[in-house]
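Let me begin by presenting the structure, written as structure tokens, before commenting on it.
Residue numbers (our numbering): 339 to 838.
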């Protein structure tokens, strides 16, 4: 019983107070899992930063570019791998190759198939990058340059905008301006001139198609055509058009009353032949010469008047010629009767006949009042002469008074031919004309240059990818250049109307 209690007591004592180890136990070694956690913490602290964080380039074709970026590292990073990637357009049709992006040769790198291996000698360093544009077409290319390092990677966005060189766009713009100038000049000068030339040709055809066209009408139309041609030579198209309208109206007037015109001119010709019986204009008496000039003027002015006026003129001239012939016959008859009277009884009758003849020759054909008075006087005198002749038995004619001849034997020079009244144009001074031309040219150059500069700035300079859509871009420039001249012309025409 006692033995059992002692044994139980020994067991309890051993559980409460274990025996002490005389030797210290060694510390446990770290496990592999603990090592992995420690490495992950160090990698999380390593980082690369790029400043500026993006690369944006705007350039022209064939113009290589360089950019420099500051590479900074945090943590134990000894080397990085720089991998340029292809840059693509939005449509994926064009590519800016990765091979055209490289690190400046002055930087020591180890080139591999997939990029450049760069040793970092400090926490930060400048990274110069070269972009070889080569023959890359105009467009916008986007992509990235990847930077890989121990425990991570970094992407640098790259945007390259390439446009065509300015030479061809400027040439296209100037071509558009030149086309606009050509069209404007033709519209302002060439077209009106051509239209008037066509009208002149058609009118000449109409003239040649009518062989019976009266010479007075023909001369008038020819004179108007010459005047229109002269106005064309000085670019006075509006005045030339008015002159051509007058010439066409003259021709239309002839055609509308052709038969009546022919009959009137035939009658006029008969009157002129009748007047010709008195001699050439150089020897005609003033009265007859005035009738002759009236017949000339009637024919010359007929193209500007209507048939009724021509008929009235010819009728008046016919009556004037008839009055002259009537008075001439009366005086010649009186002269014959006087010759039958005895000379002792003739008194001053021969002198009176000569005076009346001179008065008639110097009289104005349209002075009907003077003619009427003279006619009454001559008729009264004729009765007295006839009475005296009746009292002279056996009287015989001793000659007759030559009425129509020039008594002094000297030829009378006719007056200057009548001419149509014309308004002479004012002659501009040379210096004023030169200043006007200079002003027009300078303002033209300034206006076109400003419009062209605005178009070039709007369509080329402000568009970083000009040439990406060649048809659209270049035709826009061409249209702008064409429209610049058209706009200048329209503004000029508008300004001309100001103040009117």
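The beta carbon of each residue, even a glycine, is placed where N, CA and C say it ideally should be. Fair warning: this is a prediction, and the values are worked out from it, not measured in the lab.
Residue i in three-state terms, based on DSSP
i	result
residue 826	helix
residue 415	coil
residue 656	helix
residue 621	helix
residue 447	coil
residue 394	strand
residue 453	strand
residue 490	strand
residue 666	helix
residue 675	helix
residue 725	helix
residue 557	helix
residue 508	helix
residue 422	strand
Cβ-based burial, residue i [other Cβ within 10 Å; buried from 16]
i	result
residue 445	exposed
residue 434	buried
residue 552	buried
residue 822	buried
residue 803	buried
residue 658	buried
residue 360	Reliability of the predicted coordinates at residue 360 is poor, the pLDDT of 40 falling under 50, and the value obtained from them is presented with this limitation in mind. Burial call: exposed.
residue 698	buried
residue 343	In this prediction, residue 343 scores a pLDDT of 36, lower than 50, which makes its location untrustworthy; no coordinate-derived value is stated.
residue 515	buried
residue 518	buried
residue 816	buried
residue 786	buried
Other residues of its chain near residue i: CB distance less than 7 Å, five sequence neighbours each side excluded
i	result
residue 694	669, 712, 716
residue 805	476, 501, 502, 811
residue 397	403, 471, 500
Backbone CA spacing between residue i and residue j [nearest angstrom]
i	j	result
residue 496	residue 820	38 Å
residue 828	residue 526	11 Å
residue 488	residue 411	11 Å
residue 471	residue 800	20 Å
residue 555	residue 589	8 Å
residue 625	residue 725	31 Å
residue 399	residue 450	28 Å
residue 727	residue 665	21 Å
residue 671	residue 629	24 Å
residue 790	residue 404	32 Å
residue 389	residue 407	6 Å
residue 633	residue 651	8 Å
residue 721	residue 635	39 Å
residue 524	residue 436	54 Å
residue 642	residue 718	45 Å
residue 597	residue 710	37 Å
8 Å CB neighbourhood of residue i in its chain, flanking five on each side removed
i	result
residue 577	569
residue 483	393, 420, 421, 422, 423, 439, 467, 493, 494, 496
residue 581	562, 565, 566, 569
residue 575	527, 530, 531, 534, 569
residue 825	789
Nonlocal neighbours in the same chain, by C-beta distance under 6 Å from residue i, ignoring five residues either side
i	result
residue 812	510
residue 777	none
residue 734	Confidence at residue 734 is low in this model, with a pLDDT of 43, below 50, so its placement is unreliable and no value can be given for it.
heavy atom of the ligand ADP below 7 Å from residue i C-beta
i	result
residue 457	Although the ligand ADP was asked about, the structure shown includes no ligands whatsoever.
Practice task
Report yes or no: do three or more beta-carbon pairs, one from the region 562 to 570 and one from the region 605 to 623, lie closer than 8 Å?
Solution key: no
Exercise for the section: Assess, as a yes-or-no matter, whether the region 446 to 457 is touched by the region 398 to 418 under the definition of 3 or more beta carbon pairs within less than 8 Å. Expected result: In this structure the region 398 to 418 touches the region 446 to 457; the number of beta carbon pairs closer than 8 Å is three or more.
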